[in-house]
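Protein chains: 2
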Amino acid sequence: MIEVTYRFPAGVNAAKQAEIIAVGQTAGSWGAQFAHREAELRAHLAEVLAVVEQDDGTSLARVGFPEHNTEGDIGTLLTMIFGKYSLAGPARIVDVQLPETYGTRPKFGIEGLRRLTRIADRPLFMGIFKPALGLSAQDHAELLRDVALAGLDLIKDDEILGNLDGAPTLHRVRACRAVIDEARQTTGRDILYAVNLTGRADQLNARARELIDKGANALLFNALVYGYPALEALAADQSIEVPIFAHPALAGALGGAADGSSPYGIDYAVLLGTLMRHVGADAVLYPAHYGSLPFAAATEFRIRDVLRAPRERSSAVMPVPSAGIHPGVLGRVLHDYGDDVVLNAGGAIFDHPQGPAAGVRAFFAALEVVRGGGVLREDEVNDEALRVALRKWGGEHRGAA
Amino acid sequence: MIEVTYRFPAGVNAAKQAEIIAVGQTAGSWGAQFAHREAELRAHLAEVLAVVEQDDGTSLARVGFPEHNTEGDIGTLLTMIFGKYSLAGPARIVDVQLPETYGTRPKFGIEGLRRLTRIADRPLFMGIFKPALGLSAQDHAELLRDVALAGLDLIKDDEILGNLDGAPTLHRVRACRAVIDEARQTTGRDILYAVNLTGRADQLNARARELIDKGANALLFNALVYGYPALEALAADQSIEVPIFAHPALAGALGGAADGSSPYGIDYAVLLGTLMRHVGADAVLYPAHYGSLPFAAATEFRIRDVLRAPRERSSAVMPVPSAGIHPGVLGRVLHDYGDDVVLNAGGAIFDHPQGPAAGVRAFFAALEVVRGGGVLREDEVNDEALRVALRKWGGEHRGAA
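Chains F and W supply the protein sequences, listed in that same order.
Quick note, the numbering used here runs 5 ahead of the 1-based positions in the first sequence.
Quick note, the numbering used here runs 5 ahead of the 1-based positions in the second sequence.
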């Protein structure tokens with residue numbers, strides 16, 4: 006059974022609305038002329054499992070849908086649970102419980118990313134190419150060389166960088182692949198570069214194969230813009246053998262307020278947790294609460310927990326908290342996440358006053374400090390790149406660790 | 006240039022936010038090390054065109070983006086105008102102005118639908134198969150026979166009816182195609198049956214061709230669930246030579262309150278008007294304000310106006326107001342829409358007490374009454390099917406016409 010929890014504002018008859026959903030989003034009503042189909046029709050109806058009024062006057066209604074109403078994918082699921090009904094007045098999906106095998110499993114997940122990066126026992130560090138638009142393929146390659154040689158684990162395109170006339174994606178892939186191969190001679194491993202996959206929807210899988218063929222060893226994908234089904238199709242395609250990093254672009258238009266208080270839409274833990282996990286994302290980016298984005302810590306941690314929930318490590322998805330990540334927050338991040346996390350930084354690497362390589366070194370130095378029980382304060386650390394980073398972006402207050 | 010208007014709540018520094026969008030959603034910031042790329046970087050920056058505070062304290066900020074920042078499609082457009090920034094706090098997109106040729110044009114639109122249905126001079130009438138799930142292909146075929154012989158112009162699947170084990174879409178297409186051919190002998194024309202297109206994202210175009218090959222002469226597509234790019238790929242595919250009806254399932258999760266007052270998300274006129282028109286939808290379904298859905302008339306009319314805006318009739322998109330459509334509202338609908346509209350009815354056709362054929366006849370009779378200057382009141386009309394419909398669903402108050 007597929008269990009969906011809807012939240013209704015105070016004043017709405019939640020029991021009545023739940024019934025409308027259970028009937029209107031499934032078989033619908035029928036008359037005596039369909040008496041001969043009674044059994045089939047009834048087998049498609051959903052069931053109202055519980056309606057509970059909360060202390061704040063809102064109500065939560067849990068509705069159980071038959072799994073056989075869908076094609077076992079996220080497209081028909083979304084249409085059923087919040088298609089037409091999303092237009093019926095204030096209602097918000099706050100939880101979706103799917104059978105563990107529903108949808109598509111990631112090909113890599115946490116386990117696969119550790120295998121590919123050959124890093125078993127620490128958080129992974131990821132950079133975001135900056136600036137986002139206007140660089141040449143050669144510019145990207147040079148930036149990549151700096152951070153790859155400094156030991157960075159992963160790097161990604163900015164999500165707005167498409168396949169532009171002035172900067173074709175294939176040129177970037179080719180130039181960067183050469184650097185990945187070159188850096189391997191020094192570091193002994195390949196930095197994973199998540200290339201932004203864009204293009205005509207029916208050709209995305211073929212395009213992914215082309216990018217991989219030309220050297221891409223990871224993909225970035227704006228799953229909400231292109232649709233969850235597009236990500237599911239990539240994940241289900243066994244010929245696409247690289248990890249897929251799902252980007253949350255557009256998620257705010259569905260999720261609303263960062264604390265989940267919007268009366269419409271879908272909770273972030275569903276959008277960026279449950280649905281992403283069941284369409285086969287290997288890693289999911291989402292706003293971190295450490296920086297300036299108004300994202301609630303509780304919202305962030307629900308996403309984290311949903312992504313890492315599967316007991317089989319091959320199905321657990323890597324959380325990638327993003328925005329506002331710099332060496333000074335590493336203690337808090339490790340406290341909140343432990344090791345199974347990708348720390349995703351743009352400015353803190355590429356705007357480091359001593360250059361991108363120093364930006365990377367500052368993160369590794371910060372990790373050492375935190376693991377050694379130290380405090381990330383400018384006047385208490387030895388590494389110069391880290392000192393400079395803490396001066397620029399701030400560190401911990403005394404006693405914060 | 007691509008002009009996007011964002012609305013910010015009272016208390017937000019709209020000028021500052023507009024600047025953040027203009028930079029952060031394009032090139033981003035850069036340092037002295039990129040001085041040699043200054044011209045290229047600048048060429049990607051957006052421009053704040055205007056910031057105006059409204060009487061209610063909210064502010065509207067208009068931002069102009071360079072067209073060359075996108076791939077000329079809706080995927081890269083959405084990522085640019087509301088990707089990451091959608092997660093940055095309360096902001097709503099209330100208007101998007103695209104160059105007329107941006108994106109993909111419909112293959113049929115209003116003009117093509119009139120050509121296919123051979124109806125030049127009146128609204129088109131569309132039915133929705135009811136009940137939604139649980140019927141056999143043969144059930145569908147029998148329902149179709151009734152309404153096709155009664156002269157109905159179009160019919161569609163319920164949007165939640167996927168390709169289910171118990172009811173494969175191809176079986177339904179084959180059974181219904183036979184009826185379409187059979188009814189043509191009597192009516193002299195083909196009823197258009199919009200079959201719900203579902204399936205794996207990378208195979209949707211191939212699936213569409215398969216359904217067409219087996220007899221489908223129109224498609225229904227949940228564009229927001231599968232993503233606008235998926236619809237654009239269908240519209241751009243010249244081998245898919247049937248009209249595509251875009252369904253608004255999930256739109257409420259992005260659009261919020263029906264009057265457009267939600268502080269997050271995207272206005273319905275953009276979601277179901279502008280974006281649909283530029284991804285090549287031939288017809289767009291959206292909630293009508295005539296029925297029980299809480300949709301604002303002003304919102305509905307903005308969608309209507311955007312869809313029909315193109316001066317070239319081949320690019321104008323057919324509006325399909327849905328929900329609460331029955332013969333009693335026909336006077337109001339004709340007043341609001343004129344002839345270029347598809348009236349989409351489920352219950353008013355399939356739950357007519359005298360059967361679906363009477364449901365269809367009631368609509369035609371109502372059209373005659375309205376055009377003759379009559380009033381849709383049970384005690385003033387002659388047609389029995391219409392009288393029964395007006396008794397069940399209500400008619401006009403005296404003087405309402």
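Quick reminder that beta carbons are idealized off the backbone N, C-alpha and C, glycines included.
Say whether the segment 195-205 of chain W touches the segment 172-181 of chain W, bearing in mind that this needs 3 or more beta-carbon pairs closer than 8 angstroms, one atom from each stretch.
-> Short answer: they touch.
Using a C-beta to C-beta distance shorter than 7 angstroms, which residues of chain F count as neighbours of W/Met131?
-> Ordered by position in chain F, no residue passes the 7 angstroms Cβ test against W/Met131, which lies about 16 angstroms from the chain.
Using 8 angstroms as the threshold, is the segment 237-248 of chain F in touch with the segment 235-249 of chain W, meaning 3 or more CB pairs across them?
-> The segment 237-248 of chain F makes no contact with the segment 235-249 of chain W, as fewer than three CB pairs between them are under 8 angstroms.
Residues in its own chain within less than 8 angstroms of W/Arg318 by CB, not counting five upstream and five downstream?
-> Short of 8 angstroms from the beta carbon of W/Arg318, and not among the five residues preceding or following it, lie these beta carbons of its own chain, in chain order: Gly114, Ile115, Glu116.
Quick one: which chain F residues come within Cβ less than 7 angstroms of W/Leu209?
-> Correct list: Asp207.
Have a look at F/Asp264, F/Ala362, F/Arg316, F/Ala288 and flag the residue whose alpha-carbon is nearest the alpha-carbon of F/Leu298.
-> The option with the nearest alpha carbon to F/Leu298 is F/Asp264.
Minimum C-alpha distance to W/Glu52 - residue among W/Gly296, W/Gln38, W/Val68 = Measuring C-alpha to C-alpha distances from W/Glu52 to each of W/Gly296, W/Gln38, W/Val68 identifies W/Val68 as the nearest.
Answer with yes or no whether the minimum CB distance from F/Leu169 to chain W is below 8 angstroms.
-> Yes - at least one Cβ of chain W is within 8 angstroms of the one on F/Leu169.
Any idea if F/Glu164 is buried or exposed, counting beta-carbon neighbours within 10 angstroms, 16 or more meaning buried?
-> By the Cβ-count criterion, F/Glu164 is buried, with 16 or more other Cβ atoms from all chains shown falling within 10 Å of its own Cβ.
Rounded distance between the beta-carbons of F/Val184 and F/Asn222, thought under 8 angstroms | The C-beta separation of F/Asn222 from F/Val184 comes to about 12 angstroms, leaving the pair out of contact by the 8 angstroms criterion.
Contacts around W/Leu259, its chain only, beta-carbon distance under 8 angstroms, and the 5 residues preceding and following it disregarded | Within the same chain, W/Leu259 has close Cβ partners Leu229, Gly270, Ile271, Leu276.
Following the continuous beta strand (DSSP E) through W/Met281, name the residue where it begins and the one where it ends.
-> Segment 280-283 is the alpha helix (DSSP H) holding W/Met281; no beta strand (DSSP E) there.
For W/Lys161: DSSP bridge partner residues = DSSP, once it has assigned bridges, lists W/Ile133, W/Ala199 as partnering W/Lys161.
In the DSSP assignment, find the unbroken alpha helix (DSSP H) run with F/Ala40 in it and report its ends.
-> Premise fails: F/Ala40 is in no alpha helix (DSSP H) and is neither H nor E.
Could you tell me how far apart the beta carbons of F/Gly232 and W/Gly278 are, in whole angstroms, since I believe they sit closer than 8 angstroms?
-> The pair is not a contact, with the Cβ atoms about 19 angstroms apart (cut-off 8 angstroms).
Can you round the beta-carbon distance between W/Tyr11 and W/Ala27 to whole angstroms, since I take them to be within the 8 angstroms contact cut?
-> No, W/Tyr11 and W/Ala27 are not in contact; Cβ-Cβ is about 11 angstroms, not under 8 angstroms.
Check the Cβ of W/Glu164 against every Cβ in chain F and list those closer than 8 angstroms, keeping chain order.
-> Thr84, Gly88, Lys89, listed in chain order.
For F/Gly156, the three-state DSSP class (helix, strand or coil) = Shown here, F/Gly156 sits in coil according to DSSP, grouped into three states, outside any helix or strand.
Please report the residue range of the alpha helix (DSSP H) in which W/Gln190 lies.
-> 174-192 is the extent of the alpha helix (DSSP H) around W/Gln190.
Does W/Pro253 have its Cβ less than 8 angstroms from a Cβ in chain F?
-> For W/Pro253, the closest Cβ of chain F is nearer than 8 angstroms.
Whole-number beta carbon distance between F/Asp162 and F/Leu197, since they are thought to touch under 8 angstroms = With 8 angstroms as the limit, F/Leu197 and F/Asp162 do not qualify as a contact, their Cβ atoms being about 12 angstroms apart.
What's the gap between the Cα of F/Asp218 and the Cα of F/Ala302?
-> Taking the straight line joining both Cα atoms gives about 40 angstroms.
Cutoff 8 angstroms: F/Trp35 Cβ touching any chain W Cβ | For F/Trp35, the answer is yes, since a Cβ of chain W falls inside 8 angstroms of its Cβ.
is_contact[F/Ile245, chain W] using C-beta, thresh 8 angstroms = Output row for F/Ile245: interface = no.
Inter-stretch contact (C-beta, 8 angstroms, three-pair minimum) for the segment 309-327 of chain F and the segment 377-392 of chain F = Fewer than three beta-carbon pairs drawn from the segment 309-327 of chain F and the segment 377-392 of chain F are found closer than 8 angstroms, and the two stretches are therefore not classed as touching.
Beta-carbon spacing of F/Ser91, W/Leu255 below 8 angstroms = Yes, these two residues count as a Cβ contact at 8 angstroms.
What separation, rounded to the nearest whole angstrom, lies between the Cα atoms of W/Ala262 and W/Ala367?
-> Cα-Cα distance, rounded: 33 angstroms.
Looking only at C-alpha atoms, which of F/Ala48, F/Glu401, F/Ala180, F/Val322 sits nearest to F/Thr109?
-> That would be F/Val322, whose Cα lies nearest to the Cα of F/Thr109.
Which chain F residues are close to W/Tyr295, counting only those with a beta carbon under 7 angstroms from its beta carbon?
-> Correct list: empty, because the minimum Cβ distance to chain F is about 14 angstroms.
Along the segment 339-364 of chain W, what residues have a CB closer than 7 angstroms to any CB found in chain F?
-> From the segment 339-364 of chain W, only Asp356 have a Cβ closer than 7 angstroms to chain F.
Could you run through the segment 194-206 of chain W and flag, in chain order, every residue whose CB is less than 8 angstroms away from some CB of chain F?
-> Result list: Thr203, Gly204, Arg205, Ala206.
Presumed contact (8 angstroms Cβ cut-off) between F/Ala293 and F/Glu305, rounded CB distance = Sure, about 6 angstroms apart at Cβ, within 8 angstroms.
Counting contacts by CB-CB distance shorter than 8 angstroms, is W/Arg42 in contact with chain F?
-> True, the Cβ-Cβ gap to chain F drops below 8 angstroms.
Alpha carbon to alpha carbon, how far is W/Met281 from F/Ser64?
-> Going from the Cα of W/Met281 to the Cα of F/Ser64 covers about 34 angstroms.
In chain order, what residues of the same chain have a beta carbon less than 6 angstroms from the beta carbon of F/Ala405, not counting five sequence neighbours either side?
-> Here F/Ala405 scores only 44 on pLDDT, less than 50, and its place in the model should not be relied on; the value that follows carries that caveat. Correct list: empty, nothing qualifies.
Which residue comes first and which comes last in the alpha helix (DSSP H) that contains W/Ala328?
-> For W/Ala328, no alpha helix (DSSP H) encloses it, and the DSSP letter there is neither H nor E.
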